[in-house]
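Residues in the sequence shown are numbered consecutively from 360, following my numbering. For each residue, glycine too, the CB sits at the ideal point set by N, CA and C. Bear in mind that the values here come from a model prediction, so they are computed numbers and not experimental data. These notes are about the structure you will find just below.
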Amino acid sequence: MLIYPAIDLYNKKAVRLYKGDYNQMTVYNDNPVDVAIDFKNSGATHIHLVDLEGAKSGTTPNFDVVKNIKKSTSLFCEIGGGIRSIDVIDKYISYGIDRVILGTAAVTNKGFVEEAVSMYSDKIAVGIDIKDGFVAIKGWTETSNINAFDFCKKMQNIGVKTIICTDISKDGAMQGTNHELYKDLSDKFDIQIIASGGVSSIDDIKKLRQLDIHGAIVGKAYYTGSINLSHAIEVAK
């Protein structure tokens, strides 16, 4: 299993939200590139980036930061947040970003996902943010009426190879992750699953590894020191 340490970007800074609430934001570092370099020095090979401003606006206000992270580390970089057009996908991939994550657009525009997958294949992932069993959209500010498992099946049928699944109720809360959810996903779908939300201890890493899923995102636990990144990477192997 791969560990994806995360940087959430807002106003060109590394921040974290509590349960997806933009009013409960903590700034952890004014220079996200320094954080990414620390990830690399800790043994990370992959990095998960989210443009929180982009998630709300559908633009790329932190594009320069993303470019600098890729240039400074050469890590495998995936980016999500506000990617709602082929032009934006092309903008990231043309610069060398390895994988682009579709969120709101994947829910509201099935044709867009189909077009993106046909053009970019496994460079396209879909982020599925779950709130009470349903898919949340627009930076978690709205909950759709789409069942999360039905949506996963639809994405697999389209040809999406990777899903990043977040249980919003666990995200940033440091109360452990939803192992049952990821076990169900792993059992039901033949797709790369990356667990996100609430990965807050080495024990979480061990349990997720036993599920034989593709990866786990480590966010707040890294910033608070609850998880030693080097140790987590070794345990995940």
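- Note on geometry: alpha-carbon atoms of Val459 and Asp397 lie some 23 Å from one another.
- A contact between stretches requires three or more CB pairs, one per stretch, nearer than 8 Å, and the segment 505-513 fails this requirement with the segment 553-572.
- Between the beta-carbon of Val425 and that of Leu411 there is about 12 Å, and that puts the pair past the 8 Å contact cut.
- Distance from the CA of Asp481 to the CA of Asp389, rounded to the nearest whole angstrom, comes to 32 Å.
- A Cβ-Cβ distance of about 4 Å is found for the pair Ile552 and Ile572, placing them in contact under the 8 Å criterion.
- The alpha-carbon of Asn587 is positioned some 14 Å away from that of Ala365.
- Remark: C-beta atoms of Ser555 and Gly402 do not approach each other more closely than 7 Å.
- The Cβ atoms of Val447 and Val485 lie no closer than 7 Å to each other.
- Its Cα nearest to that of Asp393, the residue Lys429 stands out among Asn537, Ile456, Tyr377, Lys429.
- The C-alpha of Ser431 is placed about 26 Å away from the C-alpha of Ile522.
- DSSP places Leu544 in the helix class (H, G or I) of the three-state scheme.
- Only exposed fits Ile445, as fewer than 16 other CB atoms lie within 10 angstroms of its CB.
- The beta carbon of Ala591 lies closer than 7 Å to those of Ile362, Ile561, Ile564, Val577 in the same chain, with the five residues before and after it left out.
- Note that the C-beta distance between Ala414 and Gly440 is below 7 Å.
- The shortest C-alpha to C-alpha distance from Pro420 to any of Gln515, Ile442, Cys436 is the one to Ile442.
- For Met384, DSSP records a beta bridge to Leu376.
- The three-state secondary structure of Arg443, taken from DSSP, is coil.
- Straight across, the Cα-Cα distance linking Gln383 with Tyr377 is about 6 Å.
- Within the segment 415-466, the complete alpha helix (DSSP H) runs of at least 4 residues fall at 422-432, 445-454.
- Of the candidates Gly470, Thr418, Leu570, the residue whose Cα lies closest to the Cα of Lys450 is Thr418.
- The Cβ atoms of Gly379 and Ile487 do not sit closer than 7 Å to each other.
- Per the DSSP secondary-structure output, Asn506 pairs in a beta bridge with Phe493.
- It is roughly 13 Å from the alpha-carbon of Lys372 to the alpha-carbon of Tyr582.
- Looking at Thr404, Val374, Ala395, Ala580, the one whose alpha-carbon comes closest to that of Lys596 is Thr404.
- About 5 Å separates the Cβ atoms of Lys542 and Leu570, confirming a contact at the 8 Å cut-off.
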